[in-house]
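Below is one structure, written out as structure tokens, with a few remarks after it.
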């Protein structure tokens with residue numbers, strides 16, 4: 126076994142993008158039957174390496190060997206022919222088509238030029254049976270839940286008899302129980318003679334699923350290890366290049382008056398169904414309330430409704446005692462709310478604007494303008510100060526914001542929002558897609574705000590994050606509150622059941 | 021008197037923007053249908069749309085109280101070249117300055133606005149700034165001025181060189197009878213030349229320049245008919261190099277005396293100076309340019325008429341009058357250059373000619389008319405469909421060709437311009453190229469033509485089919501009394517039908533098509549009132565499929581005889597052919613399209629009125645008249661198709677109807 | 126050719142004479158049959174062009190140049206038939222011209238990733254101008270040609286009931302072929318692997334690409350189909366009417382694009398839209414013929430087909446959305 130060539134070997138892969146060396150002589154190999162995790166922050170080069178493997182990019186240097194044979198992979202179809210399958214972080218599914226049609230897409234049909242969907246559907250049923258991937262082959266994708274869609278992605282790869290399967294952040298959208306199920310499936314697939322590449326930045330999952338772990342940093346291999354010989358803080362250190370405080374201190378703060386009170390709130394989604402169906406909660410000064418839940422359970426609509434960006438059907442929102450239900454976003458802000466939106470590129474910043482312009486978006490009506498003209502000098506001074514204080518990594522304050530990394534954009538938004546000296550902070554998915562270093566920083570800022578007497582509502586799908594920061598934890602499922610627990614009583618199991626919609630006695 | 025000058029600058033950007041907008045509009049396209057229903061939106065003819073123009077009749081006899089007489093008269097000048105160009109622009113600036121000697125003036129000048137849009141902005145700004153008199157010194161500014169003047173009824177405008185006040189009560193027109201000075205200088209030049217060859221350097225054959233050159237040629241011919249006068253138009257007002265090369269060419273052909281006009285002529289003066297050729301100047305005294313060769317200059321003294329205009333304004337009259345500077349009223353002067361050693365004899369000839377023109381014994385245009393007949397009439401046609409469409413477009417092309425049998429013509433045709441903006445470009449280009457007569461053959465071209473015609477007052481335009489000359493002195497209108505032929509064909513159709521049902525396929529209910537259809541229905545009814553005539557307008561000139569289906573619908577309702585008009589009708593002819601229905605045609609003889617079904621065609625013979633238009637142009641009349649072809653004047657003909665076995669009876673009905681319409685016993689309108 | 130005239134025998138004339146006034150004239154079997162027959166003929170070019178365009182749009186490519194391609198196809202077919210006397214050659218040339226224009230459009234929009242709306246308008250303006258130029262240079266006089274008329278007429282066996290109203294079925298073969306396009310394209314899109322690729326590429330090109338389906342090749346294919354059918358639509362128009370004049374489509378190509386939306390990107394829907402539009406057009410023509418409509422009312426009803434179509438369009442598009450990637454060029458790696 127040890128003498129045989131590895132299933133997959135990537136040698137000296139180098140890929141240069143304008144201004145960025147995305148992969149710098151990266152070596153990576155995968156054995157049959159193993160789950161090999163590729164760990165790294167955003168921009169460390171994981172996705173580039175895997176896109177090269179899947180034929181979506183061509184490497185500038187380096188070679189790919191399959192079972193010791195050198196192969197040239199210049200397109201996804203070449204990759205598929207080599208037995209490489211990939212499950213993208215953003216699912217590659219066609220929503221109006223059925224599961225069967227999505228699986229059959231790009232395959233040779235036995236009845237060319239006609240399709241042969243019944244044959245495909247039968248094979249799908251067999252595969253679902255074998256691996257416990259329950260899904261109805263005749264359902265259109267748009268009717269499926271996120272977890273089911275992921276099963277379809279896996280089925281696509283299995284159908285193509287992939288021996289090398291790359292999974293890019295597959296757990297990001299799953300409940301803890303679904304993650305556990307997925308790990309079982311992954312192990313079974315590996316046991317059937319495949320090699321799996323698992324990309325993630327959630328350290329506890331990495332520890333649970335991996336046989337081997339390769340850490341990338343700044344396009345280079347920072348280290349290779351196994352779960353048995355490492356721990357989470359060591360992995361974080363490899364990723365970031367310095368020691369990282371995994372769990373921020375949670376100082377005890379004297380709780381004050383309730384600063385935000387949401388009562389029986391009902392909100393419609395874009396499609397017109399009830400996305401928030403009667404949410405009520407209070408958060409007091411010096412307290413962090415974590416709202417956990419799988420995405421798509423009304424969190425986005427709830428946040429938008431509170432911030433005044435979406436009309437409410439029923440119920441009330443009070444900020445610092447003031448009723449701001451259905452008010453213009455400007456007035457909600459005036460009442461003391463700062464909002465860190467989930468879709469930061471859409472709702473948080475204007476990509477084409479410079480860093481400076483985005484930093485003063487809120488204030489341009491006040492201290493930074495005189496008679497309708499911007500006071501450019503004052504703006505620059507203010508912005509340099511914020512960029513420095515919030516450690517936003519940017520060449521200067523005049524570059525377009527869209528050039529910054531996700532983490533830095535998030536820091537920029539945080540800088541802008543916190544500089545308004547809010548009473549309530551509503552942070553929706555503040556660290557999604559943000560690297561560990563930036564996430565650590567953002568966490569520390571949120572805790573600092575709590576200490577300063579703010580009420581913080583933290584909406585997150587990342588259970589670790591919620592558990593690490595919150596004083597109380599609530600779970601949203603289908604627009605309702607499944608329950609609230611104090612941090613001390615909260616366990617992953619209990620929250621996970623709530624996230625899956627299973628009510629339990631305790632509340 | 022204060023005088024300030026400012027240059028046109030940022031207006032260029034504006035002009036570029038306008039060009040882009042127009043281009044976009046042109047690209048947007050337009051089919052015949054839309055064009056006929058509504059004139060092109062952007063440049064609407066101002067006369068109809070701009071409300072604030074007061075009717076010219078109720079001109080107030082006295083000006084509003086406490087206004088003009090107190091302060092100085094505020095005068096603004098907008099002119100195309102530099103104020104010190106020793107030519108056209110300087111003449112007006114000097115004229116206003118001279119007027120300032122006799123009365124108190126406040127003057128502002130914007131010169132260098134050779135781009136019309138820039139000038140329009142300046143004119144409007146001056147009017148807004150409350151100037152009493154705004155002088156638009158350039159015939160090219162006419163179109164813009166007409167619009168602006170209507171927006172400022174309390175401001176006086178003067179437009180030169182032109183004789184047209186647009187019928188507006190606040191526009192003066194002024195021009196120079198520069199043919200007079202030209203005639204005097206021509207006579208002197210013919211007396212002066214040793215080689216017997218004189219060279220003339222002209223810009224574009226329009227307006228003031230054409231007048232001067234024609235007068236010059238005429239004067240030279242009257243003095244000595246053996247002298248050769250070589251006239252070359254460079255087709256540019258600004259191409260100095262070409263002017264110089266033209267002068268060189270004249271010298272190489274032996275010219276020892278030359279003249280020329282417009283700004284670019286300085287290039288020719290330089291050549292004359294080097295070659296030692298004598299030079300006659302016009303517009304301003306150019307002696308200082310080249311003292312040793314300039315013999316004499318015709319000088320414009322606009323102050324003569326400017327003082328008349330100022331007096332009129334004092335009286336409360338804001339416009340509506342046209343002025344001309346002449347030798348007689350002292351507005352034109354012949355300035356002899358003392359530095360040039362001119363013999364007394366020749367100077368005497370010049371002075372005698374001046375006297376002769378003033379007392380009327382000399383007609384400056386007598387000479388060149390004989391010359392003019394030798395040169396062919398240059399005619400351009402712009403028409404919507406193909407020249408050989410066997411219909412509307414072919415009728416005019418054939419008509420012009422027929423006119424060519426009786427007189428010498430030079431003809432150019434742009435066909436297929438069913439997009440109105442394309443046609444406008446073609447019309448303008450022909451006018452710029454100096455054609456004598458530009459025919460815009462399509463009622464949809466009216467809006468564009470009205471604008472273009474004002475920019476080229478020396479070019480004749482003909483517009484059909486229409487009866488409207490827009491009140492412009494250089495637009496002829498022509499149309500066909502197609503109801504007459506329609507009536508004849510309708511009578512025959514009613515006699516021919518077995519089923520008692522006749523189908524008519526029309527395009528849009530306007531103009532020529534409506535006239536024909538109405539006449540047809542009327543004629544059929546007069547012949548046999550029991551016959552049903554079903555009229556359907558397809559609302560399109562180009563939708564062949566719809567025309568075909570209309571014919572099918574007629575057949576389904578029992579029609580066995582049909583007619584129709586406009587291009588799309590070919591679709592209906594095909595149906596008629598297949599169904600064996602008889603067909604009556606109009607505009608051109610369509611017998612060859614479908615010999616077995618076409619009974620008779622009403623044919624347009626435009627040459628009848630085209631020869632009248634050409635004669636008018638010979639007489640110096642450039643427009644303002646409307647012509648109609650009729651059965652009586654031979655412009656309309658009924659062509660029977662011999663291949664169709666028409667019974668003698670029905671043919672007799674047709675011929676009798678024609679006779680009745682001609683002798684007036686039948687009224688087609690009934 | 127005399128068949129049509131045969132209808133007009135003495136007996137029928139009397140029927141016409143008493144029936145042909147106002148609405149009662151319209152609601153006679155003969156007139157209704159004539160209206161439906163006219164609608165079928167009018168619908169044909171729309172149907173061919175719109176079914177073709179629906180294939181392109183299903184793959185995410187909008188082509189506003191349909192009208193220009195139709196004009197070129199119409200001229201090519203007309204001119205070929207004038208020169209050779211063979212309408213089938215004309216039809217082939219029309220198809221060929223459509224194919225060439227399809228290659229041009231595919232190159233511009235797929236290979237060069239150009240903005241589809243502007244490119245389509247460019248194609249339209251080119252077709253409009255170039256067909257007119259060629260017509261004036263090569264032909265000029267719009268002489269009728271025999272076209273398909275009378276050659277491929279389809280007749281039912283004698284003795285059948287429908288024989289009384291031959292207009293209903295007595296169409297040339299190409300009209301039948303045009304209607305056969307509806308099941309053919311439905312089959313292509315829904316039942317073939319190429320059709321599966323088309324639908325995937327029109328919705329989520331990244332997904333198709335990740336499974337090895339060439340987005341570019343698929344779109345080249347659909348654009349070629351769409352433009353070839355546009356050329357065919359123009360050819361059928363010219364050959365059915367036996368004539369060509371400048372701008373003879375009169376905007377049919379744009380209506381065809383609208384009909385694709387109307388038909389919710391399904392050939393059957395496109396067929397319904399084409400027939401509805403043409404039926405209203407034909408009915409309005411009959412109403413005018415019967416004198417039910419005149420003057421301003423007649424001009425207003427010219428808008429009726431468009432109005433009915435737009436109303437139906439609004440109702441329909443509320444239910445079914447367009448292909449998600451419509452008008453969006455695809456570049457690998459630039460998906461989000």
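Chains as they are written, first to last, in our numbering: chain A, 126 to 632; chain H, 21 to 690; chain D, 126 to 461.
Just so it is clear, CB atoms sit at the ideal spot from N, CA and C, and this is done for glycine as well.
Nearest-angstrom beta carbon gap, residue j and residue i [assumed within contact, 8 angstroms]
i	j	result
residue 143 of chain H	residue 125 of chain H	No, residue 143 of chain H and residue 125 of chain H are not in contact; Cβ-Cβ is about 18 angstroms, not under 8 angstroms.
residue 242 of chain D	residue 189 of chain D	6 angstroms
residue 619 of chain H	residue 267 of chain D	Contact doesn't hold; Cβ gap of about 20 angstroms is too wide.
residue 310 of chain H	residue 608 of chain H	Contact flag wrong, Cβ pair sits at about 60 angstroms.
When the options are compared against residue i, the one with the closest alpha-carbon
i	options	result
residue 351 of chain D	D:298, D:447, D:220	D:220
residue 479 of chain H	H:408, H:224, H:674, H:139	H:224
residue 229 of chain D	D:166, D:349, D:311	D:349
residue 238 of chain D	D:185, D:175, D:402, D:411	D:185
residue 598 of chain A	A:611, A:217, A:605	A:611
residue 573 of chain H	H:370, H:556, H:561	H:556
residue 466 of chain A	A:437, A:431, A:445	A:431
residue 162 of chain A	A:555, A:324, A:234	A:324
residue 451 of chain A	A:404, A:378, A:443, A:436	A:436
residue 366 of chain A	A:526, A:563, A:204	A:563
residue 300 of chain A	A:417, A:405, A:579	A:417
Beta-carbon gap between residue i and residue j smaller than 8 angstroms
i	j	result
residue 613 of chain H	residue 595 of chain H	no
residue 588 of chain A	residue 541 of chain A	no
residue 271 of chain A	residue 291 of chain A	no
residue 549 of chain A	residue 434 of chain A	no
residue 397 of chain D	residue 164 of chain D	no
residue 520 of chain H	residue 553 of chain H	no
Cutoff 8 angstroms: residue i Cβ touching any chain D Cβ
i	result
residue 588 of chain H	yes
residue 604 of chain H	no
residue 181 of chain A	yes
residue 525 of chain A	no
residue 226 of chain A	yes
Neighbour flag for residue i against chain A, beta carbons, 8 angstroms
i	result
residue 311 of chain D	no
residue 332 of chain D	yes
residue 325 of chain D	yes
Residue i at chain H interface by Cβ criterion, 8 angstroms
i	result
residue 196 of chain D	no
(message) Using 8 angstroms as the cut-off, can you tell me whether the stretch 383-393 of chain A makes contact with the stretch 351-358 of chain A, which would need three or more C-beta pairs spanning the two stretches below that distance?
(response) The stretch 383-393 of chain A and the stretch 351-358 of chain A do not touch, with fewer than 3 CB-CB distances between them shorter than 8 angstroms.
(request) Give a yes or no on contact between the stretch 208-218 of chain H and the stretch 439-452 of chain H, applying the rule of three or more CB pairs nearer than 8 angstroms. (result) no
(request) Answer yes if the stretch 225-243 of chain A comes into contact with the stretch 320-332 of chain D, meaning at least three C-beta pairs across the two stretches below 8 angstroms, and no otherwise. (result) yes
(request) Count the C-beta pairs between the stretch 419-430 of chain H and the stretch 461-481 of chain H that are closer than 8 angstroms, then say yes if the count reaches three, no if not. (result) no
(message) Quick test of the definition: if touching needs 3 or more C-beta pairs under 8 angstroms, does the stretch 211-226 of chain A touch the stretch 138-157 of chain A?
(response) no
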